[in-house]
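Chains as they are written, first to last, in my numbering: chain Z, 1461 to 1582; chain V, -19 to 523. To start, the structure under review is shown below, and the notes come after it.
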């Protein structure tokens, strides 16, 4: 990690990070974000995350980035998983069981079909 | 959440029901369907609207037009004019009364359906909390850079003062003033302490910030440190928040690597380091002086004040203690300016407030809305209404030590001043919503039992007062109390409030006093008739 010594440094690092992200999005990579606050974990976010990672590994699916985030405030709908494929709009799923998590990877990310039943309209 | 362009509320207090509110509701339902508006308009029965001179009433948001008394045969015209053509059906409007309190508030906000506005939580649930890069992408650490590079400490304090930010831990003390006190005290060594010992039952707003956006607290603490002249900070996190502690540790390591914490930050010669101190499950350690004692390694007992922590705090040095949410407000204030901050919320309490919603409502969770929203709006819009078949009885704001809000205060704007004028307090932002199956005696007993257990025992009013109050509540619940006991309860609550050493004892009696103020008949029923109106308490009738 570079050390920041001035506001200019900070701006430059910000630009670089932004660029890195845009390159990823432009290459059509899929971004799966699992909400891993305490409420999410308590509701089973870790199981959903594991299911996603397992499936990606066993099926050897390329081009998926799985990251975590905090609680978004919809504790009632946890575990929440957000999916963004390339530059398409972000889709938010609620009450994601490991089974639904696997479906998200297979149907949404791989085949491009959004699983409407589990989408939270935002 | 389904987005609708209009929200129709029908009053359903007993008098409205008697005058045909149910028929009006059904008629509205079929008319809205007939005009094909069911996807755009939401229709809800709400309890007591707080006005009974022209019932049944129909309120249509976002214009906040109040119609009444509405008859079923008026509904066709109302729907066609207002919802279909978008004109106010003036002839059906409720007679204009002298606008006061809640109705005035509704009218003043004409045309603005209170929308969620995320300032503190703008990154929570969006960024990866373990990645400093994502924080930087979302404008992270630029406020710190601006402060260190372009502003004098006194200028920063002026900006915070000008923003009108008030402490979000519950008491609502002006933040800028507090910063000014610490800055004005001469000392070689000063400290900044972040109070993250969020133990008020039902409050979990700080956890959300710490887990979802830990860097924002580090940045705010460094800004605070620069402004008051401190070079060391402590975050006192409650022991149960293991995930929050883990992410904070991680964030501190990253920030130190990149030079946002440590020595010579941004090349300006300013040094600041942050330590994490884990609590061990004592409620009292959320009180600032007990928290300071706890960091010093002593038992968490509150100190006598004065002197205040601003002059004699941690290890006797001037110490700034701020709540997590308060600190999280600082970077955006620096970034967008105090004028911008003033556009949010109400004049006396600018900005937003994070609320945690729980209880007998359809949707529980966390929201961040501008100050001044009403409880009714929170329940109707964000909580998705009361659970089917139940109606609002009371809410408790701010956890155990907060106030009990009856239906009549549902339309009081939620900000520090309006609530204190109404004789209640906003507290930390927990909203416990209870339906009519909740017994107030049972609620009061559970709450005072909590204080009885958590009282540290240092001062006698609190130690004995909470125990004695609990015994009386217990005897009311068992049907063994006498009417005189109610006066004793009030005396106890008053004495605790006046002479206790710290906030715990001072607020312990609040819920009981509120219950006796707003629900006295229900409490008396337990004593006089040996009946619990809600059937919660098991009273054995004495022979």
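From the three backbone atoms N, C-alpha and C, an ideal C-beta is built for every residue, glycine too.
Collapsed DSSP secondary structure at residue i in the structure displayed
i	result
residue 1552 of chain Z	strand
residue 85 of chain V	Low confidence applies here, because residue 85 of chain V scores a pLDDT of 46, under 50, leaving its location unreliable; read the following figure in that light. Looking at residue 85 of chain V - three-state DSSP - the assignment turns out to be helix.
residue 242 of chain V	strand
residue 260 of chain V	coil
residue 205 of chain V	helix
residue 78 of chain V	Here the model assigns residue 78 of chain V a pLDDT of 41, short of 50, so the residue's position is not dependable, and the following value carries that caveat. Three-state DSSP puts residue 78 of chain V in coil, outside helix and strand.
residue 92 of chain V	In this prediction, residue 92 of chain V has a pLDDT of 45, which is less than 50 and means its spatial position is unreliable; what the coordinates show is noted afterwards. In this structure, residue 92 of chain V counts as coil in the three-state DSSP scheme.
residue 110 of chain V	coil
residue 290 of chain V	coil
residue 196 of chain V	helix
residue 1491 of chain Z	strand
residue 1565 of chain Z	helix
residue 350 of chain V	strand
residue 39 of chain V	strand
residue 475 of chain V	helix
residue 481 of chain V	coil
residue 345 of chain V	strand
residue 182 of chain V	coil
Status (buried if at least 16 other CB within 10 Å, exposed otherwise) for residue i
i	result
residue 1458 of chain Z	Missing from the structure shown is residue 1458 of chain Z; chain Z here goes from 1461 to 1582 and no further.
residue 417 of chain V	exposed
residue 274 of chain V	buried
residue 550 of chain V	Not covered by the structure: residue 550 of chain V. The range shown for chain V is -19 to 523.
residue 1525 of chain Z	exposed
residue 533 of chain V	Outside the displayed span of chain V (-19 to 523) sits residue 533 of chain V, for which this structure offers no information.
residue 153 of chain V	exposed
residue 244 of chain V	exposed
residue 474 of chain V	exposed
residue 494 of chain V	buried
residue -11 of chain V	buried
residue 1475 of chain Z	exposed
residue 71 of chain V	exposed
residue 80 of chain V	Legend: pLDDT at residue 80 of chain V = 41, less than 50; position of this residue unreliable, value from coordinates given subsequently. By the neighbour-count rule (16 or more Cβ atoms within 10 Å), residue 80 of chain V is not buried but exposed.
residue 225 of chain V	buried
residue 170 of chain V	buried
residue 401 of chain V	exposed
Range covered by the beta strand (DSSP E) that runs through residue i
i	result
residue 334 of chain V	332 to 339
residue 303 of chain V	299 to 303
residue 370 of chain V	Premise fails: residue 370 of chain V is in no beta strand (DSSP E) and is neither H nor E.
residue 64 of chain V	First-last for residue 64 of chain V: undefined, no H or E at that position.
residue 495 of chain V	Here residue 495 of chain V belongs to no beta strand (DSSP E); instead the alpha helix (DSSP H) covers 490 to 498.
residue 45 of chain V	45 to 47
residue -10 of chain V	-14 to -9
residue 23 of chain V	21 to 26
Delimiting residues of the alpha helix (DSSP H) encompassing residue i
i	result
residue 386 of chain V	From DSSP, residue 386 of chain V is part of no alpha helix (DSSP H) but of the beta strand (DSSP E) over 384 to 386.
residue 1499 of chain Z	1498 to 1503
residue 318 of chain V	318 to 322
residue 269 of chain V	268 to 275
residue 4 of chain V	1 to 14
residue 1436 of chain Z	For residue 1436 of chain Z there is no data in the structure shown, the boundaries of chain Z being 1461 and 1582.
residue -4 of chain V	-6 to -2
residue 55 of chain V	55 to 58
Contact under 8 angstroms by Cβ, residue i with residue j
i	j	result
residue 1568 of chain Z	residue 1543 of chain Z	yes
residue 178 of chain V	residue 146 of chain V	no
residue 192 of chain V	residue 201 of chain V	no
residue 3 of chain V	residue 52 of chain V	yes
residue 491 of chain V	residue 376 of chain V	yes
residue 1529 of chain Z	residue 1495 of chain Z	yes
residue 228 of chain V	residue 188 of chain V	no
residue 300 of chain V	residue 166 of chain V	no
residue 58 of chain V	residue 15 of chain V	no
residue 509 of chain V	residue 469 of chain V	no
residue 1560 of chain Z	residue 1552 of chain Z	no
residue 441 of chain V	residue 394 of chain V	no
residue 484 of chain V	residue 431 of chain V	yes
residue 203 of chain V	residue 100 of chain V	no
residue 372 of chain V	residue 415 of chain V	yes
residue 436 of chain V	residue 264 of chain V	yes
residue 315 of chain V	residue 119 of chain V	yes
Segments assigned alpha helix (DSSP H), at least 4 residues, entirely inside the stretch 114 to 171 of chain V: 122 to 130, 133 to 143 and 155 to 164
Length-filtered (3 minimum) beta strand (DSSP E) runs lying within the stretch 207 to 237 of chain V: 212 to 217
Complete alpha helix (DSSP H) runs within the stretch 395 to 471 of chain V (minimum length 4 residues, chain order): 396 to 401, 420 to 434 and 440 to 458
Minimum length 3: unbroken beta strand (DSSP E) runs contained in the stretch 1499 to 1544 of chain Z: 1524 to 1529
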